[in-house]
Amino acid sequence: MDNARIADTFDHIADLLEFTAANPFRVRAYRNGARTVRDLGEPAADILADENRKLTDIDGIGKDLAGKIAALVAGDRVPLLDELTAKVPESALAMMRIPGVGPKKAAALFKELGIATLDELRAACEAGRVRGLKGFGAKTEQTILAGLSLAEQADVRMLWAEADVEAQRVLAHLRGYPGVRELEMAGSYRRGRETVGDLDVLAVADDVDALMDHFGKLDDLDTVIGRGDTKMSVRLGSGVQIDLRVVPEESFGAALQYFTGSKDHNVAVRSLAKKEGLKINEYGVYRGDEYVAGRTEKDVYATLGLPLFPPEIREARREFDWAAAGELPKLIEADDIVGDLHMHTHATDGRASIEEMAAAAKKRGLRFIAITDHSKRVSMANGLDAARALAQWKEIDEINARADDGFLILKGIECDILEKGGMDLPDDVLAEADWVVASVHYGQNQPREQITERILGALENPHVSAIAHPTGRIVNRRKPYEVDLEAVFAAAKKHHKFLELNANPHRLDLDDVACAAAKDRGIPIVINTDAHSTEGLGVLRNGILQARRAGLTKQDVANARGWTQMKKLLGK
DNA sequence: GCCGTTTTCGGCCCGACTGTTTTCAGTCG
């Protein structure tokens, strides 16, 4: 079993334990364990197989969790999981996804009324049976009915790029109220997570009530979930929840730090503060009752001797180790990228011409691009055969010859790795290209060994420059194709090839953990848009956010260098 | 369930808001 599945299992155990009213700290230990395994950066099986290392050396993994990981890796059953599964039906857990229903209420519904599915819960609410339960009332019943549809569309999180549209709209609306002195989005949106659940807005305002009234006039507002002295929550027609918090000016930095999270990052910060005899909450840093800091985030971190962490790395992974060593990486910026090496034109499934793509890229400040249309195997997209590819490259030569501004268009191709192995175009054709990205489009259901073999074969081909999407990952889709990523890393390193971080918000292949692992192994990443139109070039920022979350610097990203440098890396 | 320069027990981050209570538990972030 791989790390992701082990982590899912631990999270599932935590859900079940919560439902059975287990010790909350035991629940947290499983959640911590899940996160730790998910972020490991190498297969837990490798650590187990290494007699010089122990799983228990990892922070947060004790004897018990190490034993369960070993069992899962070996494919054995975990007795605790079987025991809990026998007690709690899967469908009952779904009740905890209803806003306002947590483990206690869900368990009460299950135990007292025998409700085990969302359908049964709806019926019970409509029959007025729920309000009779201790701790429940008519209002709770209404809340449940209203929240059922949300629970049924399990785990709908927006892509960051979609959340960004809403976020900008909300910020613009709030800025329309003149009494706003500070305004900032916090939460997972600010951390640049690939998906965002809800939006958190922080504000400092002259008149809190007036700002909240103004907030209530937001377009597309569906319901006001709650409104207090400092916090107001609303839900939009699109289902997005937005929380507005208004804080005093001297608390803005503390609140921004607090509500940006992540939760785990904050727990770690608070623990550090406690050791220093300080207390941190959303209002500031306190020594006893004395306010020490809170105006800016920088002030808050400084009281603990910590640097101002970029939001993208506040995940309680390695940022505190980096800070302690004084080695906080200077994360890559969008402006550092000087070339984009994966895009399509109307020769295949793109919508613009070579020159239109080049002009758009130039406008965005790039110095070079590679045109990488599909190869012939992708017949649906009218992929290029040898003759058409060579003709396109001739055209590119002519465009480059006419150009007088130093902008360079590389002759490229996204060449398919065939189902039976090998490339879709002959070597003598690929040899004519400046840049070849190899890609698995077909036979994605093959066994792991076979897909890995195909990719390794491509990496051995002297004309291949990069693997386009090394894991076939698509955000929000559960299963990418299965590949031995460690073997791919090793081959990429050996043959001096690049791995692509596909910046399309639906793909973001590699994920941040894989991206960090590639960095650790010294494999250069290229961040490409895979654009199919001139607007498509704009998705680059999604890739940048992903790279930043992985802790990548300018030095780790190959297309932050000029093409001459990249050619050297390829050994050309 | 994990952890330890107060170390094998007793802690484990902290506060707002809601609804159901009559002083607070549950939920959320």
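Here the first sequence is numbered in the numbering used here, starting from 2 and rising by one per residue.
No residue lacks a Cβ here, since even glycine has one placed at the ideal position from N, Cα and C.
Predicted, not measured: the structure shown is a model, and the values here were computed from it.
Length of the line joining the Cα atoms of residue i and residue j
i	j	result
lysine 568	alanine 204	49 angstroms
isoleucine 414	glycine 148	49 angstroms
cysteine 126	glutamate 153	16 angstroms
serine 466	histidine 497	8 angstroms
glycine 193	glutamate 113	42 angstroms
isoleucine 62	tryptophan 323	21 angstroms
arginine 27	threonine 86	17 angstroms
lysine 55	leucine 49	7 angstroms
serine 263	glutamate 316	6 angstroms
isoleucine 355	alanine 382	17 angstroms
lysine 395	alanine 402	11 angstroms
histidine 345	glutamate 357	11 angstroms
histidine 507	glycine 180	38 angstroms
glycine 572	lysine 495	12 angstroms
isoleucine 226	leucine 146	14 angstroms
arginine 365	alanine 561	14 angstroms
aspartate 77	lysine 377	45 angstroms
alanine 359	histidine 442	26 angstroms
leucine 82	threonine 37	19 angstroms
isoleucine 397	arginine 352	17 angstroms
alanine 45	asparagine 4	6 angstroms
methionine 97	aspartate 12	14 angstroms
isoleucine 456	histidine 266	37 angstroms
threonine 297	methionine 2	44 angstroms
valine 339	leucine 367	5 angstroms
aspartate 40	phenylalanine 321	15 angstroms
For residue i, the first and last residue of its enclosing beta strand (DSSP E)
i	result
isoleucine 370	369-375
lysine 280	280-282
leucine 66	No beta strand (DSSP E) contains leucine 66, which is instead part of the alpha helix (DSSP H) from 64-74.
isoleucine 545	It is not in any beta strand (DSSP E) - isoleucine 545 instead sits in the alpha helix (DSSP H) that spans 541-550.
leucine 203	200-206
Where residue i falls: helix, strand or coil (DSSP)
i	result
asparagine 401	helix
serine 189	helix
glutamine 242	strand
valine 79	coil
leucine 409	strand
methionine 97	helix
asparagine 4	helix
leucine 110	helix
threonine 349	coil
glutamate 483	coil
asparagine 521	The question names asparagine, but residue 521 in the sequence shown is aspartate. It is helical.
arginine 183	Note that residue 183 corresponds to glutamate in the displayed sequence, not to arginine. Here glutamate 183 sits in strand by DSSP.
alanine 117	coil
alanine 515	helix
aspartate 336	helix
Run of the alpha helix (DSSP H) containing residue i, from where it starts to where it stops
i	result
threonine 37	25-39
phenylalanine 499	That residue, phenylalanine 499, is in no alpha helix (DSSP H); its beta strand (DSSP E) goes 499-503.
leucine 212	209-216
asparagine 267	264-276
isoleucine 456	449-461
isoleucine 314	Segment: none, isoleucine 314 is in no alpha helix (DSSP H) and carries neither H nor E.
isoleucine 145	139-153
glycine 254	253-261
arginine 176	161-176
tyrosine 302	298-304
isoleucine 355	355-364
alanine 46	45-50
methionine 567	564-571
In DSSP terms, what residue i is bridged to
i	result
glutamate 415	His375, Val438
lysine 232	Arg246
glycine 285	Asn282
valine 225	Val235
glutamate 291	Arg288
alanine 467	Val438, Phe499
isoleucine 526	Leu500, Val558
leucine 431	Answer by DSSP bridge pairing: none, since leucine 431 is not bridged.
methionine 381	Paired residue(s): none; methionine 381 is not in a bridge.
aspartate 341	Ile370
valine 197	Met159
alanine 124	Note: alanine 124 sits in no beta bridge, so no partner.
Contact belief for residue i with residue j at Cβ below 8 angstroms, rounded distance in angstroms
i	j	result
glutamine 393	alanine 348	6 angstroms
leucine 411	alanine 371	4 angstroms
alanine 8	tyrosine 31	Incorrect: roughly 10 angstroms between the Cβ atoms, too far for contact.
isoleucine 526	alanine 504	About 11 angstroms separates the two Cβ atoms, so there is no contact after all.
Closer than 8 angstroms: residue i CB and nearest the ligand NAP heavy atom
i	result
isoleucine 243	Inclusion of the ligand NAP in the displayed structure is not the case, the ligand content being empty and no account of it being possible.
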